[in-house]
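Since the structure comes first, as structure tokens, the remarks are kept for the end.
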Amino acid sequence: MEGFVLAGTSSGVGKTVATLATLTALEDAGYQPQPAKAGPDFIDPSHHEALVDAPSRTLDPWLAGEDGMRRTYWRGEGDICVVEGVMGLYDGTKTSTAAVAEGLDLPVVLVVDAKAGMESVAATALGFAEYADRIGVDIDVAGILAQRAHGGRHADGIRDALPEDLAYFGRIPPMSDLEIPDRHLGLHMGSEAGLDRDALSTAAETIDIERLVDVARAPPEVATATADNDGAAANHRVAVAQDSAFCFTYPSVLERLRSRATVEPFSPVAGDPVPDVDAIYLPGGYPELHGQALETGGTLDEIADRAADGVPIYGECGGLMALSESLTTTDGETYEMAGVLPADIEMQDRYQALDHVELEAQSDTVVAASREHRRGHEFHYSAATLGSDASFAFDVVRGDGIDGEHDGLTEYNTVGTYCHCHGESGAFDRLLALPSKDV
Numbered sequence: 001m002e003g004f005v006l007a008g009t010s011s012g013v014g015k016t017v018a019t020l021a022t023l024t025a026l027e028d029a030g031y032q033p034q035p036a037k038a039g040p041d042f043i044d045p046s047h048h049e050a051l052v053d054a055p056s057r058t059l060d061p062w063l064a065g066e067d068g069m070r071r072t073y074w075r076g077e078g079d080i081c082v083v084e085g086v087m088g089l090y091d092g093t094k095t096s097t098a099a100v101a102e103g104l105d106l107p108v109v110l111v112v113d114a115k116a117g118m119e120s121v122a123a124t125a126l127g128f129a130e131y132a133d134r135i136g137v138d139i140d141v142a143g144i145l146a147q148r149a150h151g152g153r154h155a156d157g158i159r160d161a162l163p164e165d166l167a168y169f170g171r172i173p174p175m176s177d178l179e180i181p182d183r184h185l186g187l188h189m190g191s192e193a194g195l196d197r198d199a200l201s202t203a204a205e206t207i208d209i210e211r212l213v214d215v216a217r218a219p220p221e222v223a224t225a226t227a228d229n230d231g232a233a234a235n236h237r238v239a240v241a242q243d244s245a246f247c248f249t250y251p252s253v254l255e256r257l258r259s260r261a262t263v264e265p266f267s268p269v270a271g272d273p274v275p276d277v278d279a280i281y282l283p284g285g286y287p288e289l290h291g292q293a294l295e296t297g298g299t300l301d302e303i304a305d306r307a308a309d310g311v312p313i314y315g316e317c318g319g320l321m322a323l324s325e326s327l328t329t330t331d332g333e334t335y336e337m338a339g340v341l342p343a344d345i346e347m348q349d350r351y352q353a354l355d356h357v358e359l360e361a362q363s364d365t366v367v368a369a370s371r372e373h374r375r376g377h378e379f380h381y382s383a384a385t386l387g388s389d390a391s392f393a394f395d396v397v398r399g400d401g402i403d404g405e406h407d408g409l410t411e412y413n414t415v416g417t418y419c420h421c422h423g424e425s426g427a428f429d430r431l432l433a434l435p436s437k438d439v
């Protein structure tokens, strides 16, 4: 599958809208697009999936390793892969859009805000293209997609100003219908506030989609990873929380779980009973928006009972919050949670952590053996007040964790972290490799 990267000059330049318009242009031209996202993100990919009904691949060499990133790419299906970048092209301490493009050997199409420029748009693009050589990054900036550009003289001026080796791939017109509302953690999820399909089709008309298809190319392929667990998880069943409170799940995680066990989805917000399973996974999301339903629905009480019985449980961020004693919103409302982990969680007005993370296991747990490392990322607006009996599964090598030095509150066979792990991390193999009460 061939592809290309849509990279921005900065955050907020309109990469997500440009990506959605490009995916629409591909569909309208009869192609089957495969969306992807550079770097850790759950929200932008949700808009990709809502539009084209295909899981968006998360491509990050820090989270998955370079081979894991390539495997993740090749698990996609479609004619053309469109990779939305993260921040500006060269921004990022551990993963940048440039690093993803280089690792996959994909051409870069630069999304440039053209609202108030013509020749300056070309100068910006030229600077971004030449900067790669200056810092020794082997990427190919193929051209630009002009964001918020009018037609006629405006578009012609941009096109004419570009040097011969930078192609003009079209423009995204300024349209009020192409705005996605946001909140803490970023944009609203695609299932909540997807862009109007007709508006995207209008924007897609001014994209030179055939020229984009012509510039696309395929990354190197790598061998499929295999995990040897001696059949220990062959008959395992794992319950995965999936609803509006627990909606931050990488497709690669579900694929990893499904390759080694039967996945049983359930909704704590709806008060679903917890399936009879060998392990439980509570991903991140927005439990703070559903405190009342979680407190009264009964599912968290069942999870607490399973935890006391020794069932392996892994909660990431929102999952950690749900496993805690209580959750207090910014409005001052406090709700009882599962009470498995000795922490009280309170939402803050400003984000508390945002970065790639590396953790080292202090002892054997359901997601790592002693001294093993786990890589992931953290992005949360909550803070934890810990009980005096709090114990941790991990030391923080990089990142903030729960208290600046540790992450992974643990009790019974339950671990709750602020770290989100990718399917290639090894955490989910470990979760399924151990039978209940074995840790």
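Numbering (full-length UniProt numbering), first residue to last: 1 to 439. All residues carry an ideal CB built from backbone N, CA and C; glycine is no exception.
1. Is it buried or exposed for D41, if we count other Cβ within 10 angstroms and need 16 for buried?
2. Is it buried or exposed, D389, if we count other Cβ atoms within 10 angstroms and call 16 or more buried?
3. Determine the DSSP secondary structure at K37, reduced to helix, strand or coil.
4. So is Q32 buried or exposed if we call it buried at 16+ other beta carbons inside 10 Å?
5. In terms of alpha-carbon separation, which member of G318, H373, S324 and C317 lies closest to D301?
6. Looking at C-alpha atoms only, which residue of V17, A99, M175 and V263 is the closest neighbour of L63?
7. Can you tell me whether E221 is buried or exposed? The criterion is at least 16 other CB atoms within 10 Å of its CB, across all chains shown.
8. Give the straight-line distance between the Cα atoms of D230 and D309, rounded to the nearest whole angstrom.
9. Skipping 5 residues on each side, what residues in its chain have a beta carbon closer than 6 Å to that of G315?
10. Pick out the complete beta strand (DSSP E) segments inside the stretch 7-82, 3 residues or longer, and give them in chain order.
11. Measuring alpha carbon to alpha carbon, tell me which residue in D278, F392, G319 and A338 is nearest L432.
12. Using a 10 Å radius around the Cβ and a threshold of 16 neighbouring Cβ atoms, would you call T330 buried or exposed?
13. For D113, count the other beta carbons within 10 Å of its own beta carbon; 16 or more makes it buried, fewer makes it exposed. Which is it?
14. Look at H422 and Y250 and say whether their C-beta atoms are less than 8 Å apart.
15. Let's see if you can read the secondary structure: which residues bound the alpha helix (DSSP H) around T124?
16. At what residues does the beta strand (DSSP E) containing residue 445 begin and finish?
17. Straight-line CA distance for D160 to L257?
18. Starting from the C-beta of S370, find all residues in its chain whose C-beta is less than 6 Å away, skip the five residues before and the five after it, and write them out in chain order.
19. Using the three-state DSSP reduction, which class does D429 fall into: helix, strand or coil?
20. DSSP three-state call for G170: helix, strand or coil?
21. I'd like the list of long-range same chain contacts for G14, defined as Cβ closer than 6 Å, with 5 residues on each side in sequence excluded.
22. Quick one: what does DSSP say P265 is sitting in, helix, strand or coil?
23. V108 to T299, Cα distance in whole Å?
24. On the premise that G76 lies in contact with R57, defined as a C-beta separation below 8 Å, what is that separation, rounded to the nearest angstrom?
Reading it off the structure:
1. buried
2. exposed
3. In the structure shown, K37 sits in a strand (DSSP, three-state: E or B).
4. exposed
5. S324
6. A99
7. exposed
8. Unreliable positioning characterises D230 in this predicted model, as indicated by a pLDDT of 45, which lies under 50. The coordinate reading is nonetheless provided below. D230 and D309 have their C-alpha atoms some 25 Å from each other.
9. L282, L323 and G416
10. 33-38 and 57-59
11. D278
12. exposed
13. It counts as buried.
14. yes
15. E119 to I135
16. Residue 445 cannot be examined here, being either before or after the span of the chain that is shown, 1 to 439.
17. 51 Å
18. A361, S363 and D364
19. Note: D429 maps to helix in three-state DSSP.
20. strand
21. These residues qualify, in order along the chain: Q147.
22. strand
23. 46 Å
24. 5 Å
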